[in-house]
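In case it helps, numbering that gives the first Met the number 0 puts the sequence shown at residues 0 to 313. Using N, Cα and C, we set each Cβ at its ideal position, and we do this for glycine too. Report on the structure given below.
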Amino acid sequence: MSIEAFKKYVKKNRTNIMTKPKKLVEEVFEQSPFFQGDQTYFLEHCTEILYYLREVCWERYLVFERELTSNTSEYLISSDSDFMDTLQMHSEDPKKIISDFLERYSEHLFELSKSHTNSRRSRAGKEFEAIIEILLLRTGVVFDNQGVIGSKLFKTDRLGKLVDCVVPGVTEYSEERRRCALVSMKTSLRERWQEVIEEMTRTGAHEMFLVTLDAGITKNTIEALSSHNITLVVPDDLKLNSYNEYNNVYGLTKFLFEMIDISNSWKKRRDLSTEFYKNRLLAIETRLKSVNKNYVREPFEEYKVHCELQINKS
């Protein structure tokens, strides 16, 4: 089998075997001991929940990965009649069989290993985003994200590709940016934090929250981000152990409380037009069409009722 044909097979087989990151996070969450918790519980245990969901998702991913490796190896062997003959000839010598297999398919196995590495990196980021979104939802925060309402709407409001969600939403951001929060999520920063600064400069955003798991962010990086109104957000234990001296680095709990305040502040306003509420209602209805899970729907249905009440008052 050619390398290109093998890579196509791996890609197709990976799609068939592996649960998509967001769906996997939802499955793990719904089976977790935290699922029935209320807003207070999620605020008090947000870091614990974050770590639990990441760990269990990783364990389940490894099961999928082993299955993919096994299936792919079987496919290589079964599609090679010459090697099948070798198996029969050396059926009593497993070392010889393994040695011949590794030698014959070294390039294929290298490509499989690369595929695993790329998948791990990609899934880690997507799972992290899904977990943070669950924490936002279960603490009652309303937000828009690119995955649900589409990147086109983000682009019309000059929201860059590095913005993962807007609290409470794009409609509010169009109305008054300084009363909204832009949120970006990255498991680690490395040199990529510079991309966030460049994106903010390009889009004209005033400030942003950057949620990360990175425990090795330097003082210079923290100060550079702060000078561009980018607030780092880390799990509470990292805040306490690694970044406690920095006021511009938030723990996850403080971040969630701030998102709650921002989300709720829009419900208290009485200076917004009927047109604003109609546009927001349309965005909420678009969001609700794509979800059927009650814990996802609840914050948006509550906001929908609020918008309808304001429209009826006008």
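Assuming ALA223 is part of the alpha helix (DSSP H), what are its boundary residues? 218–226
Residues bridged to ASP143 by DSSP? VAL165
Burial state of HIS107 (16 or more Cβ within 10 Å): buried
In the DSSP output, what is SER183 paired with across the bridge? LEU209
Is ALA180 buried or exposed, if buried means 16 or more other CB atoms sit within 10 Å of its CB? buried
To the nearest angstrom, how far is it from the Cα of ASN293 to the Cα of ILE131? 17 Å
Within 10 Å of its beta-carbon, does PHE41 have 16 or more other beta-carbons around it, so buried, or fewer, so exposed? buried
Please look up how many angstroms separate the CB atoms of GLU206 and ASN228, rounded, as I've assumed it's under 8 Å. 4 Å
Are the beta-carbon atoms belonging to HIS115 and GLU64 less than 7 Å from one another? yes
Give the range of the beta strand (DSSP E) segment to which LEU231 is assigned. 229–233
With DSSP run on the structure shown, which of helix, strand or coil describes VAL290? coil
Of the residues LYS113, LEU287, GLU257 and GLY215, which one's Cα is nearest the Cα of ILE2? LYS113
Within the continuous beta strand (DSSP E) that includes GLY250, where are the two ends? 248–250
Just to confirm my understanding: we take LYS309, look at its own chain, exclude 5 residues before and 5 after, and list those with CB closer than 8 Å. What are they? According to the sequence shown, residue 309 is Gln rather than Lys. Within the same chain, GLN309 has close Cβ partners LEU271, THR273 and TYR276.
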